[in-house]
Amino acid sequence: MELQFVNISKNYGKKTALTNVNLTLHEGVHALLGPNGAGKSTLMNILTCLLKATDGKITLDGEEITAMGARFRDMLGYLPQNPGFYNSFSGYGVMKYFADLKGMKKPQDRIDELLELVNLTEDKKRKIGHYSGGMKRRLGIAVSLLNDPKLLVLDEPTAGLDPKERMRFRNIIGKLGFDKIVILATHIVSDVESISDNCLLLKNGEIITTGSADDLKEHIKGKVFNTPMSQEKAEEYILNNSCANIIKTEDSLFVHSVSDEKPFENSVPAPANLEDVYMYYFNEQSKTEEEK
Amino acid sequence: MTVLSAELKKILIGNKGLLVIAAAVILQLITGLFTTRFYEHSYSVDVYKNYLEQIEGEYTAEKAEYINSRYEEISEIISVHKIMEDRYLNGEITLEEFSAYNDDYFLASAENETVAYIVEKCMYYENSEGFDKIFFFETDIEDFLTSSGMNYIIFVMLLCLAIPAFDSEFQSNAVSLILTSRDGHKKTAFVKTAAVFFLAFLSSLLIYSSIFICFVIKNGSANLNQPLSNIMTFPFYGDLKIINFIIFDCLIKSLCWAVTSVFFMIFTVLIKNTVFSFFVSVFAFFVASNIRILTDSTAVNYIFCPVNLSGMYGSDLNPMLLGIISAAKTVIYFFIIYKIWTKPRN
Chain A
7 MELQFVNISK NYGKKTALTN VNLTLHEGVH ALLGPNGAGK STLMNILTCL
57 LKATDGKITL DGEEITAMGA RFRDMLGYLP QNPGFYNSFS GYGVMKYFAD
107 LKGMKKPQDR IDELLELVNL TEDKKRKIGH YSGGMKRRLG IAVSLLNDPK
157 LLVLDEPTAG LDPKERMRFR NIIGKLGFDK IVILATHIVS DVESISDNCL
207 LLKNGEIITT GSADDLKEHI KGKVFNTPMS QEKAEEYILN NSCANIIKTE
257 DSLFVHSVSD EKPFENSVPA PANLEDVYMY YFNEQSKTEE EK
Chain B
-17 MTVLSAELKK ILIGNKGLLV IAAAVILQLI TGLFTTRFYE HSYSVDVYKN
33 YLEQIEGEYT AEKAEYINSR YEEISEIISV HKIMEDRYLN GEITLEEFSA
83 YNDDYFLASA ENETVAYIVE KCMYYENSEG FDKIFFFETD IEDFLTSSGM
133 NYIIFVMLLC LAIPAFDSEF QSNAVSLILT SRDGHKKTAF VKTAAVFFLA
183 FLSSLLIYSS IFICFVIKNG SANLNQPLSN IMTFPFYGDL KIINFIIFDC
233 LIKSLCWAVT SVFFMIFTVL IKNTVFSFFV SVFAFFVASN IRILTDSTAV
283 NYIFCPVNLS GMYGSDLNPM LLGIISAAKT VIYFFIIYKI WTKPRN
């Protein structure tokens, strides 16, 4: 299965949200990374046909998705940012409702299987109004998986979840990428580092680079440094460098930073992680946002 | 849970529609039972009731003759008032004779309009056929039937039922999940429209039933089985019983309100904002229902102001035509809702 974005652009009046996005995706987990306002949700909404692109097209196995209509939606699972469910419904009731909307004939077994997967079996008869934020998110994932979609789109699925819920979520998504195209938009890099096959970095509406987490880490090899320094100096450095963070160990303190050049004489190269990649590519934008 | 039952549950429980309907019914019952409306008549209701004690029941030539002769007598008494006054001033009659005349004159003046009304009714009976002609006290029924036009309790109730049906999906962002589901486009548009139509029809019927119950509690139900054509403002209904007409009337108006509630939903899917949808719906409703100011055309009344149709019942309301127009309007409204609901945003 091949999903292609061809020259996708989106303008809201004079404001440009996306510029010539070109991508080709196959089965696997694709993490769409970018800061708030980068255009992730716009791209997700265009992909799910909720929003019209100003220009360009998206094809699935060569066929334009807007022309596929119900056939495309039959292959699609979508979890929007902050999905609202109905407080007067039970978890099972919501699943049954969306199973009907997805055209499923006998969904009971599938509903039970998915509620088990997201660990909501015991709470399936409780009203949604009594669910926690994490439970609602898990229910959302279950709803998006109801029709066993070939294309799964998750928009900021871990926003607002506690660490335990996020770990549970990663475990669920990690199991899904074998036979599906999973696109996961987020700005929380730690959520996707271990489960993504491919990362798509979106900045100011443009895809700036793509590749596996290891490839991207390789891109910034030699640009990540640890610099031992005093607490005072470290705090001063951090104030002027949003691309750095303080790491404390039992007997020392050093600054972990990403830059093209070695920041201090005593800096030593350090192994990169996906967060460093994110900081490297989005530092400028983060600075601009902070200035704003 | 089927999609229909889920949508009904959303409207009635989630959007508190059940509470809105209950509040509307209670308000209507309170208004109906504890407020009194005053109607102006050309005749005196008390005098009319007194005459009915003598002529109540089947219309006969003798009763008509009695009323006509009484009317002639009254007319004569009133017509000589100036002459009698002059005769008294000229000393041709005594004070006792003039006082006796004045007693008759005041009585005749008090009865004149009422007896004229009964005479008119006798003439109406004389020229009508196709129903059992019966004298009975019909004033309260006539007032009830001719005053039940626009009902603001139903109007507000339906705004509260119809607007959140789509709007709550926008506010909760469930719309994204619905519209990316295979059948979410068609099923939700159709089922939501059908559910609101169905609930609007039933709840309007409930309100009209409440109005009728209040009428029966206050006025009794003794004459509801009489033919409607005995009321002069409803001459074209043959042998149709008053109670049957009231049922028919409630059904037609409820149908019109159900269509109107679908009309409100157009603005919800278009505007996607609760407060603005509310105001725009109210504005659009009053514009549509006042289009008849521009023309007196019957067609305009059928199309634009069906909830105010009661004025047409006495003349030439065609239920079949109204049914067809209502169905056509509902289909057109649904088509517009569907197009807007499923269209990707720009």
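Protein sequences, first through last, are from chains A and B. Here my numbering is used: the first residue of the first sequence is 7, the next is one more, and so on. Here my numbering is used: the first residue of the second sequence is -17, the next is one more, and so on. Where is the CB? At the ideal position from N, CA and C, for every residue including glycine.
Problem - Rounded Cβ spacing between residue 16/A and residue 48/A (contact assumed at less than 8 Å) - result: 5 Å
Problem - Closer than 9 Å at the beta carbon, the chain D residues around residue 91/A - result: Of the protein chains in the structure, A and B, none is chain D.
Problem - Integer Cβ distance of residue 113/A from residue 102/A, believed to fall under 8 Å - result: 7 Å
Handout entry: Three-state secondary structure assigned by DSSP to residue 116/B
Key = strand
Exercise for the section: Using the Cα positions of residue 87/A and residue 197/A, report the straight-line distance between them to the nearest angstrom. Expected result: 16 Å
Problem - Beta-carbon neighbours of residue 328/B, restricted to chain A and to distances below 7 Å - result: 58
Problem - Beta-carbon spacing of residue 210/B, residue 228/B below 7 Å - result: no
Practice task
Round the Cβ separation of residue 40/A and residue 24/A to the nearest angstrom and send it over; I've been treating them as touching at under 8 Å.
Solution key: Not really, about 11 Å apart at Cβ, beyond 8 Å.
Handout entry: Per-residue contacts from residue 106/A into chain B (C-beta, under 7 Å)
Key = -16, -15
Exercise for the section: Give, in chain order, every residue of the segment 72 to 86 of chain A whose Cβ lies closer than 7 Å to some Cβ of chain B. Expected result: 76, 79, 80, 82, 84, 86
Practice task
For the beta strand (DSSP E) holding residue 61/A, just list the boundary residues, first then last.
Solution key: 61 to 66
Handout entry: residue 100/A: first and last residue of the uninterrupted beta strand (DSSP E) it sits in
Key = First-last for residue 100/A: 97 to 107, but that is the alpha helix (DSSP H), not the beta strand (DSSP E).
Problem - Under 9 Å (Cβ pairs) to chain A, residues found in the segment 163 to 189 of chain B - result: 163, 164, 165, 166, 167, 168, 169, 170
Practice task
Work out the CA separation of residue 21/A and residue 60/A for me, nearest whole Å.
Solution key: 12 Å
Handout entry: Extent of the continuous alpha helix (DSSP H) to which residue 104/B belongs
Key = 77 to 109
Handout entry: Cβ neighbour criterion (16 or more within 10 Å) applied to residue -11/B
Key = buried
Handout entry: Limits of the unbroken alpha helix (DSSP H) element including residue 169/A
Key = 169 to 180
Exercise for the section: Output yes if chain B places a C-beta closer than 7 Å to the C-beta of residue 96/A; else output no. Expected result: no
Problem - For residue 100/A and residue 22/B, the rounded distance between their alpha carbons - result: 57 Å
Exercise for the section: Give me the Cα-Cα distance between residue 117/A and residue 35/A, rounded to the nearest whole angstrom. Expected result: 23 Å
Handout entry: Within chain A, the residues that residue -5/B reaches when beta carbons sit closer than 8 Å
Key = 94
Handout entry: 7 Å Cβ cutoff met for residue 186/A and residue 158/A
Key = yes
Problem - Closest by C-alpha distance to residue 259/A, when choosing among 233/A, 144/A, 111/A - result: 233/A
Exercise for the section: Since I believe residue 135/B is in contact with residue 270/B (beta carbons under 8 Å), could you give me their beta-carbon distance rounded to a whole number of angstroms? Expected result: Wrong, their Cβ atoms sit about 20 Å apart, outside the cutoff.
Practice task
Under 7 Å Cβ to Cβ from residue 199/B, same chain only, skipping five residues before and after it: list those, please.
Solution key: 15
Problem - Candidates 242/A, 261/A, 7/A, 162/A: closest to residue 250/A by CA position - result: 261/A
Handout entry: Contacts that residue 109/A makes with chain B (C-beta to C-beta distance below 9 Å)
Key = 163, 164, 165, 169
Exercise for the section: Below 8 Å between beta carbons is the criterion; list the residues of the segment -9 to 18 of chain B that meet it against any residue of chain A, in chain order. Expected result: -9, -8, -5, -4
Problem - Contact set for residue 294/B: own chain, Cβ-Cβ below 6 Å, skip 5 residues either direction - result: Residue confidence is low: residue 294/B scores 43 on pLDDT, short of 50, so the model does not pin down where it sits. No coordinate-derived value is stated.
Practice task
Let me know the secondary structure DSSP gives residue 21/A once reduced to three states.
Solution key: strand
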